[in-house]
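**Student:**
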Amino acid sequence: MKVKLAFTAPFIVGGIKQVSNYIESIDYIPGNVVRAAFARYILSRCAYHDPDEIIEVDNLPRKNWVYFKDEPGCNECRLKNICQKFSDMEFSFFYPEGAEIIPMTMMICKMNPQHGLIDRLIEKPECTKCEGGKGRVESVSGYLKEGERYSVVKSFVTKTAIDSYTGTAKDGSLYSLVAVSATVTSEDSNSDSDKNVFIGEIKGVQEQDLLSIDDLRIGKYTSVGFGRCNILLQPEEEITDRKQIVERLQHFNRLYKEHNDIDDDNNYFAIKFVSDARLDFEMPDANEYVTTDEYKKMWSKALGLSSEFEIERVYAESFNFRGYDTSKVGEDKREEPIHIVEKGSVILYKTQLDFERIADYFSSVKGFGLDLKDGFGHIDYHFGGV
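For the sequence shown, our numbering assigns the number 68 to the initial residue and increments by one for each residue that follows.
Here it is, written out as C-alpha cells:
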C-alpha cells in the first residue's frame with residue numbers, strides 16, 4: 068500500500084561520509100532504513116525483548132531480531148500482526164512526494180538549464196533551443212518535480228561531541244550535520260516545495276496494523292530528536308493498462324531505431340532503476356583488460372535475466388559500499404562489501420521477442436539483485452524522456 072512519511076523533525080539518513088566532522092543526509096530513504104525504524108519501534112515496546120538474546124537466523128547468530136515470541140501477553144499486543152509478519156513485509160525506497168528520478172540517459176543544456184532536458188537514447192545530444200540550434204549539453208541527475216529540477220530542503224546544524232568519560236565537551240570536537248528539514252505544517256506556507264513529505268510503499272501488512280505505529284523515528288540520531296515522523300496511508304494508484312505498456316514500448320522502439328539509423332528485426336526497450344540496486348558482480352582482475360562484450364556478460368549475469376534479452380547499452384553509476392549490520396553478534400558489525408548501482412541507471416535491451424511477450428516476462432520480475440524486500444533493485448520501463 069502507498070504510505071506517506073510526514074516528518075515532525077529533521078532527519079539524517081547516512082550516505083558515504085566524506086570527512087569525519089561533516090555528515091550530510093542523503094535525500095531519500097532506503098527501504099532497509101524504514102525496516103530498521105520499524106524494528107526499533109517494535110523492540111522498544113516489547114515486554115519480552117532481551118537485548119542480550121541470541122537467536123539463529125539462516126544459520127547465523129543474530130541479536131535484536133524481530134520475531135513473534137508467542138508469550139502470554141503477545142496476543143493482546145497491538146503490534147502482534149506486524150511482529151508476526153515482519154520478516155515477510157516489504158519496504159520500498161521513499162522519495163520526496165511528487166518528485167521523479169531523472170534517468171541517466173537525460174542531458175541538460177550547459178548554457179541555460181531552463182531550455183529543458185533531452186534523452187540521448189532518442190534525441191541528438193545537443194540543445195536545439197540555443198542560438199544555432201546546437202548548444203552543448205551535459206549529463207544531469209537528481210529529481211524533477213512538475214517539470215522542473217527539484218532538491219529537498221535541508222538545514223545545517225553544528226554540534227559539539229561529548230566525552231563519554233567526563234560528560235563534558237570534547238576539545239576541538241565540533242561537527243556539522245546537514246539534515247533534511249521537517250515537514251512544514253504551518254497554514255501560512257502555501258509552497259509545496261517547502262514540504263518534505265516522502266512517499267513509498269509497505270507491503271505484507273494490513274492498514275489497521277500500520278495505524279498502530281505512532282511516533283516512528285527514522286535514520287540516525289533518533290535519541291536526540293531527529294527523524295520523528297507520522298505514517299499517513301494513501302489511496303492505491305491505478306495499475307497501468309497492459310495494452311498501454313505495449314503501445315509505449317512499441318513507440319520507444321520506433322523512436323530509438325529512427326534516431327540511431329537501425330534497420331533490423333530486433334525489438335529495443337529500456338529498463339530504469341527506480342532505487343539503488345545491490346548487484347553481485349564477478350569483477351575481473353584489476354590489471355586485466357576487459358572488452359565491451361565481456362562487460363555486457365558481467366552485467367547480464369548480475370541482473371539474471373533470460374538469455375533471450377541481450378544488453379545493448381548501459382547508462383549507470385556504481386560504487387562499492389560496506390555498511391553495518393547491528394544484528395550481528397561480535398565486535399565486527401561490518402557487512403560484506405557490495406556493488407551498488409545507483410537509482411536512475413538505465414539498461415537498454417534488444418530481443419527477438421515481441422512486445423506482448425516482453426510485457427508478460429517483466430510483469431513477473433520484481434527487480435534486480437539482492438535485498439528486494441528492502442526496496443533495492445526495483446525497476447520500471449523507461450519510455451524515453453521523463
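No residue lacks a Cβ here, since even glycine has one placed at the ideal position from N, Cα and C.
Beta-carbon within less than 7 Å of Leu244's beta-carbon, same chain only, minus the 5 sequence neighbours each way: which residues are those?
**Tutor:** As a position in the sequence shown, residue 244 is number 177, starting the count at 1. For Leu244, where only same-chain residues beyond five positions count, the Cβ hits under 7 Å are Ile79, Ile90, Val224, Lys226.
**Student:** Between Ile338 and the rest of its own chain, which residues show a CB-CB distance below 6 Å, the 5 nearest in sequence each way excluded?
**Tutor:** Translated into the one-based positions of the sequence shown, residue 338 becomes position 271. Within the same chain, Ile338 has close Cβ partners Ile414, Ile446.
**Student:** Can you tell me whether Val408 is buried or exposed, with buried defined as 16 or more other CB within 10 angstroms of its CB?
**Tutor:** What you label residue 408 is simply residue 341 of the sequence shown in a count that begins at 1. Buried is the call here.
**Student:** Just confirm the distance between the C-beta atoms of Gly442 and Ser342, as a whole number of angstroms; I'd bet it's less than 8 Å.
**Tutor:** As a first step, residue 442 is located in the sequence shown; it is residue number 375 there, counting from the start. As a first step, residue 342 is located in the sequence shown; it is residue number 275 there, counting from the start. About 5 Å; that satisfies the 8 Å criterion.
**Student:** Using CA atoms only, rank isn't needed, just tell me which of Trp132, Ala228, Ile121 is closest to Leu110.
**Tutor:** Along the sequence shown, read from residue 1 onward, the residue named residue 110 stands at position 43. Of Trp132, Ala228, Ile121, the residue nearest in Cα terms is Trp132.
**Student:** Between the segment 383–400 and the segment 151–159, do three or more beta carbon pairs fall short of 8 Å?
**Tutor:** Judged by Cβ distances under 8 Å, the segment 383–400 makes no contact with the segment 151–159, as fewer than three pairs qualify.
**Student:** In terms of residues, what are the limits of the alpha helix (DSSP H) holding Tyr335?
**Tutor:** By one-based count along the sequence shown, residue 335 stands at place 268. No alpha helix (DSSP H) holds Tyr335; the beta strand (DSSP E) holding it covers 334–340.
**Student:** Compare the beta carbon distance of Gly371 and Ile189 with 7 Å and say whether it is the shorter of the two.
**Tutor:** Position 304 of the sequence shown holds residue 371. Position 122 of the sequence shown holds residue 189. No, the pair does not count as a contact, with Cβ atoms beyond the cut-off.
**Student:** What are the residues that DSSP puts in a beta bridge with Gly165?
**Tutor:** Along the sequence shown, read from residue 1 onward, the residue named residue 165 stands at position 98. In the DSSP output, where bridge partners are listed per residue, Gly165 has none listed.
**Student:** Quick one: residues in its chain with C-beta nearer than 6 Å to the C-beta of Phe376, no 5 flanking neighbours on either side, listed in chain order?
**Tutor:** Reading the sequence shown from its first residue, position 309 is the one you call residue 376. Around Phe376: Tyr416, Thr418.
**Student:** Could you give the first and the last residue of the continuous alpha helix (DSSP H) run that contains Phe265?
**Tutor:** The residue labelled residue 265 in the question sits at position 198 within the sequence shown. Careful: Phe265 lies outside any alpha helix (DSSP H), inside the beta strand (DSSP E) at 264–270.
**Student:** Using the C-alpha atoms, what's the distance from Arg380 back to Val453?
**Tutor:** Mapped onto the sequence shown, residue 453 falls at position 386. Mapped onto the sequence shown, residue 380 falls at position 313. In a straight line, the C-alpha of Val453 is about 19 Å away from that of Arg380.
**Student:** Return the chain-ordered list of same chain residues with a C-beta closer than 6 Å to the C-beta of Lys363, the five sequence neighbours on each side being excluded.
**Tutor:** Position 296 of the sequence shown, counting from 1, holds the residue named residue 363. Contacts found: Ile378.
**Student:** Applying the 10 Å Cβ sphere with the 16-neighbour rule, what's the burial state of Leu184?
**Tutor:** To locate residue 184, count along the sequence shown from 1; it is residue 117. When all chains shown are included, Leu184 counts as buried.
**Student:** Under the three-state reduction of DSSP, which class applies to Lys69: helix, strand or coil?
**Tutor:** Walking along the sequence shown from the start, residue 69 turns up at place 2. Strand.
**Student:** Could you tell me which of Met178, Gly286, Asn334 sits nearest to Lys196, measuring between CA atoms?
**Tutor:** On the sequence shown, position 129 is the one that residue 196 refers to. Nearest option by C-alpha distance: Met178.
**Student:** Quick one: any contact between the segment 270–287 and the segment 164–178, if contact means 3 or more CB pairs under 8 Å?
**Tutor:** Cβ pair count under 8 Å is below three, so no.
**Student:** Give, in chain order, every unbroken run of the beta strand (DSSP E) that is at least 3 residues long and sits entirely within the segment 389–420.
**Tutor:** Listed in chain order, they are 405–408, 413–418.
**Student:** What is the DSSP secondary structure of Ser290, reduced to helix, strand or coil?
**Tutor:** Locating residue 290 in the sequence shown gives position 223, where the first residue counts as 1. Note: Ser290 maps to helix in three-state DSSP.
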